[in-house]
Amino acid sequence: AEIMLHPGEAKKISTMLTGVFFEDINYGADGGLYAELIQNRDFEYHPRDKKYSDKEWNSSSCWSLKGENASFRIDSVKPVHPNNLHYAVLTVEKPGASLVNTGYDGIAVKKGDPYIFSAFTGLLQGKGNKLAIKLVSDSRGVLAGNTITVSASGWKSLKSTLIPSADASDARLEIQPLSSGGIALDMVSLFPQKTFKGRKNGLRADLAQTIADIHPRFVRFPGGCVAHGDGIANIYKWKNSIGPLESRKGDRNIWNYHQSMGLGYFEYFQFCEDIGAEAVPIIAAGVPCQNSSTGGGGQQGGIPMDEMGAYIQDIIDLVEYANGAPNTVWGRKRAEAGHPKPFNLKYIGIGNEDMITDVFRERFEMIYKALKKAHPEITVIGTAGPFFEGSDYVEGWKIASELNIPVMDEHYYQSPGWFINNQDFYDRYDRSKSKVYLGEYAASLPGGNKTNLETALAEALYLTSLERNGDVVEMASYAPLLARENHTQWNPDLIYFNNTEVKPTTGYYVQQLYGQNAGDQYIPSSVSLSNTNTPVKKRIACSVVKDSKTNEIVVKLVNILPVPVNTSLDLQTYRPESGKAGKTVISGNPADRDVRPVISQTDIGGKTTLELAPYSFTVLRFRVKN
Ligand code: AHR
5 AEIMLHPGEA KKISTMLTGV FFEDINYGAD GGLYAELIQN RDFEYHPRDK
55 KYSDKEWNSS SCWSLKGENA SFRIDSVKPV HPNNLHYAVL TVEKPGASLV
105 NTGYDGIAVK KGDPYIFSAF TGLLQGKGNK LAIKLVSDSR GVLAGNTITV
155 SASGWKSLKS TLIPSADASD ARLEIQPLSS GGIALDMVSL FPQKTFKGRK
205 NGLRADLAQT IADIHPRFVR FPGGCVAHGD GIANIYKWKN SIGPLESRKG
255 DRNIWNYHQS MGLGYFEYFQ FCEDIGAEAV PIIAAGVPCQ NSSTGGGGQQ
305 GGIPMDEMGA YIQDIIDLVE YANGAPNTVW GRKRAEAGHP KPFNLKYIGI
355 GNEDMITDVF RERFEMIYKA LKKAHPEITV IGTAGPFFEG SDYVEGWKIA
405 SELNIPVMDE HYYQSPGWFI NNQDFYDRYD RSKSKVYLGE YAASLPGGNK
455 TNLETALAEA LYLTSLERNG DVVEMASYAP LLARENHTQW NPDLIYFNNT
505 EVKPTTGYYV QQLYGQNAGD QYIPSSVSLS NTNTPVKKRI ACSVVKDSKT
555 NEIVVKLVNI LPVPVNTSLD LQTYRPESGK AGKTVISGNP ADRDVRPVIS
605 QTDIGGKTTL ELAPYSFTVL RFRVKN
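First residue of the sequence shown? That's 5 in my numbering, and the numbers climb one at a time after it.
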């Protein structure tokens, strides 16, 4: 194959193309990115959390009593905070028993690392009581222990640092009163001190780093369906997710578990800032998920009109929370949380994959117009409905044109064949209309739920077409991002994990290669093949971009054929500075899983010949002479 570059036709493209889609699905937040190790720390698990399961959850779920002469019950008479009604009462007749929490499938700890135990405690009987706080492993015995004193009858926050003497993945937290009496406990937490960037109430360092390594230009959060919720009452409210942890209001997670809101809007903004990504919060368009089982989803449901004013005000307040001065009402709350400087929020998405009904349209328009008026500096992202080819898509795009919405969010999960056959999808888009945010996409195998090299290459190939259309496609994010092994509600996902390991898929490395090798200029190229058969031609793709800040050229080449392809690349216009290029290749058999990139150096210059391995994705990067 011969690849010709056409520098005269170079065009500017979006510098925001690769981002991430974060949703609390598959235990992505609680039990995932959020570093808290105790499950149901606030005793707020509720039967409604597990609506679609035989296993019922309640306030005492994940907690148990070990030992005798003691009892454990849940009370709600004098809560720490009205938003956090339930707490545990531990009554001991004769010391010996402990209250136990095993975290999320056990607690994983590392020898020598500090873990901060904290809790709100209150004395119900007696003058004072000491509590032994222990980290215990079945296989390694007691790993760490400390004693704290509970002396006050009102709620008091206590802290203690535990340093395990050995690594363990099966640890549990044990709280053992050392005298008889009654003790109230709430917000029982065990938090690694070593979080991502050392942030308090922060993120699991290995997972956050894996996300950061994609070099995403933006982070979408909190969903997905979590954003619009399971019925009106379950619409995600950002105000419930900020402030002191004990005042945050947890809720049912639409994915059939509980969201603690420990990872809330402050933490999302902080994470975006820490990794140099733009924050892209998605707010429900006044309607819940059309698949809601309660609250009248679909055609009927929507926030009542007389409540829409307050709902819209919440969205306007979000901009003040993110960007307002510390002397404004909401800016002050951000400053109090430890961030006096603005977060510089630039985007807000309104709606997620909603059916484009009259109920939706009316509410979307109200929100859109009010937000635009109050904050013209914010780029609003609209939604193109749940099916990219159905009537919602057509209606969604009609609204986009009517209202002049700057960016539209499209979602599609398709087979590898679809991605291969639809590389011209955005070539057809009208450049005078709204730009596109491909907010959710993934190649998945029919009937199956796993990814492999075939799905990863289909995505790599399709991404060459997004770069080519980077003048109309502004942003793109694979979805979903995270999945806790054995707790998935959705497959495939980009990054799997358990308590001790992070397991990126091959598709993750495709995202990383695009994120780390982005450009601001697209240099059109044409590939001429000796075999002119269309199905063959569709399986070879090339994208060339330039990063004008570093004066580097990136060539991305995809070969989804079972044979090697010899190419020659004419680099007369872009003379490499050193005669060498960095080369990264992902290749193997289509059914292979866990294929990793191989990095090397290659000679380059003038007419460069390259052999593209069968089933491969190759990235070349080199600096050019001025
Ligand atoms: O990415 C998983 C889900 O797919 C999202 O929550 C939703 O928006 C879409 O249906």
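Virtual Cβ for every residue (Gly too), placed ideally from N, Cα, C.
Quick caveat: nothing in here was measured; it's all calculated off a predicted structure.
Are the Cβ atoms of residue i and residue j separated by less than 8 Å?
i	j	result
L322	L21	no
A216	N570	no
S481	R224	yes
G290	M312	yes
L375	I352	yes
E581	V628	yes
P484	I7	no
G23	A281	yes
I218	N133	no
G145	G185	no
V558	G523	yes
N555	R625	no
I403	R432	no
S157	L127	yes
N331	F347	no
If we define contact as Cβ-Cβ less than 8 Å, is residue i a contact residue for chain D?
i	result
A378	The chain labelled as chain D is not found in the depicted structure, where only one protein chain is given.
Using a Cβ-Cβ cut-off of 7 Å (strictly less than) and excluding sequence neighbours within five positions of residue i, which residues of its own chain qualify?
i	result
K243	D318
Y56	N260
Y315	G290, I307
N87	S251, R252, K253
R203	Q274
D3	Past the edges of the chain, shown from 5 to 630, lies residue 3, and the structure says nothing about it.
K115	P168, S169, A170, D171
E44	First, the amino acid is wrong: residue 44 is Asn here, not Glu. Here the set comprises S65, C66, W67.
Y526	A14, K15, I17, E471, R472, G474, V549
S102	K70, G71, E178, I179, Q180
G268	S245, I246, R252
G302	Its pLDDT being 47, under 50, G302 is placed unreliably in this model, and the value from its coordinates should be taken loosely. Correct list, in chain order: Q294, M359.
I42	N105, G107, L177, V192, S193, L194
Q515	T22, I218, Y482, L498
G519	T22, I218, H219, P220
V384	I352, I354, Y372, L375, K376, I409, P410
Which same chain residues, not among the five before or five after residue i, have their C-beta less than 6 Å away from its C-beta?
i	result
A447	P420, F423, T459, A462, E463
E399	I360
D142	D174
L614	T571
T510	L457, A460, V599
G100	G71
L561	C546, L616, T622
A378	I320
L89	S80, P83
T151	K134, A136
E505	none
Here's a check: name, in chain order, each residue in its chain whose Cβ is nearer than 8 Å to the Cβ of residue i, leaving out the five neighbours to either side.
i	result
P390	Q294, E357, D358, M359, D396, H415
R435	D475, V476
D428	S469
K454	N495, P496, R597
P450	S419
Q605	K584, A585, G586, K587
G32	F26, P484, L485, L486, A487, R488
T577	L9, P11
Y512	T214, I218, L498, I499
V638	Since the first residue shown for the chain is 5 and the last is 630, residue 638 is missing from the structure and cannot be characterised.
F47	S63, S64, W67, I78, H90, Y91, A92, D190
Answer yes or no: the CB of residue i versus the heavy atoms of the ligand ZN, is any distance below 7 Å?
i	result
T332	What this structure holds is the ligand AHR, not the ligand ZN.
When you compare the region 172-190 with the region 121-130, are there three or more beta-carbon pairs, one atom per stretch, that lie closer than 8 Å?
yes
If you pair each beta-carbon of the region 200-211 with each one of the region 20-37, do three or more pairs fall below 8 Å?
yes
So within the region 556-610, which uninterrupted beta strand (DSSP E) runs reach at least 3 residues, ignoring any that extend past its ends?
556-563, 569-574, 584-591, 602-607
Would you mind listing the alpha helix (DSSP H) stretches within the region 385-410 that are 4+ residues and don't spill past its ends, in chain order?
395-407
Quick check: the region 108-116 against the region 69-82, are there 3 or more CB pairs under 8 Å?
no
Run through the region 483-545 for me and flag every whole alpha helix (DSSP H) of 4 or more residues, listed as ranges in chain order.
510-520, 538-541
Along the chain, which unbroken stretches of the beta strand (DSSP E) at least 3 residues long are found entirely within the region 415-462?
439-447
Those runs of the beta strand (DSSP E) which lie wholly inside the region 265-349 and span at least 3 residues
282-287
Counting only runs of 4+ residues fully inside the region 168-235, write out the alpha helix (DSSP H) ranges in chain order.
209-216, 229-232
Please specify which runs of the beta strand (DSSP E), each continuous and at least 3 residues long, are wholly inside the region 29-58, giving them in chain order.
none
Where are the alpha helix (DSSP H) runs, 4 residues long or more, that stay fully inside the region 71-105, in chain order?
none
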